[in-house]
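Undergrad: Here my numbering is used: the first residue of the sequence shown is 329, the next is one more, and so on. Built from N, CA and C at the ideal position, the CB exists for glycine as well. Here it is: the structure, laid out below.
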Amino acid sequence: MMSVDIAAGPFAHDRSSVSRIMLHVCLALTPCTLFGLYVFGWPAINLWLLTCGSALATEAVCLRLLGQPMRRLLDGSALLTGWLLALTLPPWAPWWIAVGGSVFAIGIGKQLYGGIGQNLFNPAMLARAALLIAFPLQMTTWVLPVPLGSVDAPDFIEGLRITFGGMPLLDGVTGATPLGDLKTQLTLGHNAEEILASDFSLMSALVGSIPGSMGETSALLILLGGAWLLALRIIHWEIPLSMLLVVALLAGTAQLYNPEQHLGMLYHLSTGGLLLGALFIATDPVTSPASRLGRLIFGAGCGLLIFIIRTWGGFPEALAFAVLFMNALTPLIDRYWRPRVYGRNARGKPLAATNRINEVKRP
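So this is what it looks like as C-alpha cells:
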C-alpha cells in the first residue's frame, strides 16, 4: 500500500523570493551609496566596484568547485554581501582590502557554512572584523569628504593611483571619524561637552559631510532606505527599534550621570554605522532570530554591546563585533523563544488535539 505524505496548511504564497528580496535591499542602499560615491570620489568608486566584483567572482568560483548551478550567482546574495562590505570600509582603502575582504566574506563567511541560508555569522561583518584585526592601520585611515568635481578631489587617474598604486594620502585630506575623534579627545582629558560644541554638527551627520565609510555618510538617506524596506515588510521592525532604543537610553542615562565623559543619544544615533547596521545588517533573516520576542532580544543585545564597546572598548566603532556576538547567540535565542507554528499552541501541541482534550475535560 502506497503511503502519501500530507502537508499542513496554509499554502499561501506572497510572491517573494530570494532574488526579489536582495533586489529591494540593493535598491534601498542605492541612495546612500550614490551619495557616498559622490562625496568620496573616484577612489570610493573603485573600492565599491572591486568589492562587489570580487564577491561575485568568489561566488562563481565556489559554485563551480562545489558543482552547483551557476544560476545561483544571480540570486543577488553575493552582490549584496560585497555591497554591504564596501559601505563599511574606508572609502580610500587599497585594492587588496576590497578583494581580500570579499574573498573572505564569500569563501569563509558564506560558502564554508554551506551557502546561502546556512551561514551562522553575517559574512560582511565577519570580513570587516577580520580586516580590522589583521590590518588596523588601513582600516582606520579615513578621509575628509572631497566631492567629485571639487578642487581637492582626485581625478580618475589619481583615483587609480590611490586604489592600486598605494599613493600616500595627504594630511590635508585625512581625518578621524566623529567616534574616533571623540575617543581620542576623551583620552587626552578633554571635556565631552566641549568636544560636542566644537567638533560635532548634527546637520553634518544627517547630511553626510563627515569623515567615515560610505555607510556613515548620510543618516537621512539610510533612514529613507530602511523605511522603504519596512514598508515592504522585507525587514521586521523589532531589531531596529530595540537596537536604537537601547543605545539611546544608555547614552542618555550616561550623559545625565556624567556629562563630562559621555555624549548624548543624538550623537550616538547619528554617527558611525549604527543606522546602517540597525536597518540593513542586523536585520539579516538568516543570522537573526525567527520569533518577534527573539528579534527584540537580539536588537537589544546589539545595542547594549555597541554602547559598551564604543564607550569602554578599544575600537570606536563596534557594529561588527556586536552583530557577530549576537549572531552566535541566535541559535540559543531561537531555542528558548521559538515562534509558534501555525496550527499549534505555544508549547508546540496541535490545536486540534488541545481542543479534544479540553472537550473531554468538560463536565
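Below 8 Å CB to CB, which residues in the same chain sit around residue 499 once its five sequence neighbours on both sides are set aside?
TA: Caution applies to residue 499, whose pLDDT of 45 falls short of 50 and renders its modelled position unreliable; the value that the coordinates give is listed next. Closer than 8 Å at Cβ, skipping near neighbours: no residue.
Undergrad: How is residue 500 classed by DSSP in three states: helix, strand or coil?
TA: Confidence at residue 500 is low in this model, with a pLDDT of 42, below 50, so its placement is unreliable and no value can be given for it.
Undergrad: Mind listing, in chain order, the continuous alpha helix (DSSP H) runs of no fewer than 4 residues lying wholly within the region 555-607?
TA: If we require 4 residues or more, the alpha helix (DSSP H) runs fully inside the region 555-607 come out as 566-585 and 593-598.
Undergrad: Start and end of the alpha helix (DSSP H) containing residue 466?
TA: First-last of the alpha helix (DSSP H) with residue 466: 464-467.
Undergrad: Indicate whether residue 567 and residue 610 have their beta-carbon atoms separated by less than 9 Å.
TA: For residue 567 and residue 610, yes; Cβs fall inside 9 Å.
Undergrad: In this structure, how does DSSP classify residue 614 when only helix, strand and coil are distinguished?
TA: DSSP places residue 614 in coil when its eight states are reduced to three.
Undergrad: According to DSSP, is residue 275 helix, strand or coil?
TA: There is no way to answer for residue 275, as the model of the chain reaches only from 329 to 691.
Undergrad: Starting from residue 479, follow the alpha helix (DSSP H) in both directions and report where the run begins and ends.
TA: No alpha helix (DSSP H) contains residue 479, which DSSP labels as neither H nor E.
Undergrad: Looking at C-beta atoms only, is the number of pairs between the region 381-401 and the region 570-590 that lie closer than 8 Å three or more?
TA: No: fewer than three Cβ pairs fall under 8 Å.
Undergrad: Could you tell me which of 577, 616 and 353 sits nearest to residue 654, measuring between CA atoms?
TA: Checking every option, the nearest Cα to that of residue 654 belongs to 616.
Undergrad: Would you mind sorting residue 355 into buried or exposed? The rule is 16 or more other CB atoms within 10 Å of its CB.
TA: Under this definition residue 355 is an exposed residue.
Undergrad: Just checking, does the region 357-375 make contact with the region 483-495 on the three C-beta pairs under 8 Å criterion?
TA: Segments in contact, yes.
Undergrad: What three-state label does DSSP hand residue 418 in the structure shown?
TA: Residue state, collapsed to three classes: coil.
Undergrad: DSSP three-state call for residue 397: helix, strand or coil?
TA: Coil at residue 397, not helix or strand.
Undergrad: Are at least three pairs of beta-carbons, each pair with one atom in the region 430-446 and one in the region 378-386, less than 8 Å apart?
TA: The region 430-446 is in contact with the region 378-386.
Undergrad: Can you have a look at residue 645 and say buried or exposed, based on whether 16 or more other CB atoms are within 10 angstroms of its CB?
TA: The residue is buried, with at least 16 neighbouring Cβ atoms inside 10 Å.
Undergrad: Could you tell me the alpha carbon to alpha carbon distance between residue 549 and residue 677, rounded to whole angstroms?
TA: Each residue's alpha carbon lies about 45 Å from the other.
Undergrad: Ends of the alpha helix (DSSP H) at residue 435?
TA: Segment: none, residue 435 is in no alpha helix (DSSP H) and carries neither H nor E.
Undergrad: Tell me which same chain residues have a C-beta within less than 6 Å of the C-beta of residue 685, skipping the five on either side of it?
TA: Because residue 685 sits at a pLDDT of 48, beneath the cut-off of 50, its placement in the model cannot be relied upon, and the point is left open.
Undergrad: Using the beta-carbon count (16 or more within 10 Å), is residue 456 buried or exposed?
TA: By the neighbour-count rule (16 or more Cβ atoms within 10 Å), residue 456 is buried.
Undergrad: Would you call the region 657-665 and the region 545-561 in contact, with 3 or more CB pairs under 8 Å?
TA: Touching, no, given that fewer than three Cβ pairs across the two stretches are closer than 8 Å.
Undergrad: Less than 9 Å separating the beta-carbons of residue 453 and residue 652?
TA: Yes.
Undergrad: Helix, strand or coil for residue 483, going by three-state DSSP, please let me know.
TA: Coil.
Undergrad: In angstroms, rounded to a whole number, what distance separates the CA positions of residue 339 and residue 564?
TA: Note that residue 339 has pLDDT 49, beneath the 50 cutoff, so the model's placement of it is unreliable and no number is given.
Undergrad: Mapping the DSSP letters down to three states, classify residue 659 as helix, strand or coil.
TA: Residue 659: helix per DSSP, three-state reduction.
Undergrad: In three-state terms, what does DSSP make of residue 645?
TA: DSSP places residue 645 in coil when its eight states are reduced to three.
Undergrad: Whole angstroms are fine: how far does the CA of residue 380 sit from the CA of residue 407?
TA: Their backbone Cα atoms lie some 6 Å apart in a straight line.
Undergrad: Select from 463, 603 and 614 the residue whose C-alpha is nearest the C-alpha of residue 443.
TA: Comparing Cα-Cα distances from residue 443 to each of 463, 603 and 614, the minimum goes to 614.
Undergrad: Determine the direct distance from the alpha carbon of residue 656 to that of residue 441, and round the result to whole angstroms.
TA: Cα-Cα distance, rounded: 14 Å.
Undergrad: Is the beta carbon of residue 472 less than 9 Å from the beta carbon of residue 539?
TA: A contact, by the Cβ cut-off of 9 Å.
Undergrad: Compute the Euclidean distance between the alpha carbons of residue 415 and residue 600, then round it to the nearest angstrom.
TA: Answer to the nearest angstrom: the Cα atoms are 12 Å apart.
Undergrad: Please list the terminal residues of the continuous alpha helix (DSSP H) segment that includes residue 639.
TA: Residue 639 -> alpha helix (DSSP H) spans 620-640.
Undergrad: Where does residue 444 fall in DSSP's three states?
TA: Reduced to three states, the DSSP call for residue 444 is coil.
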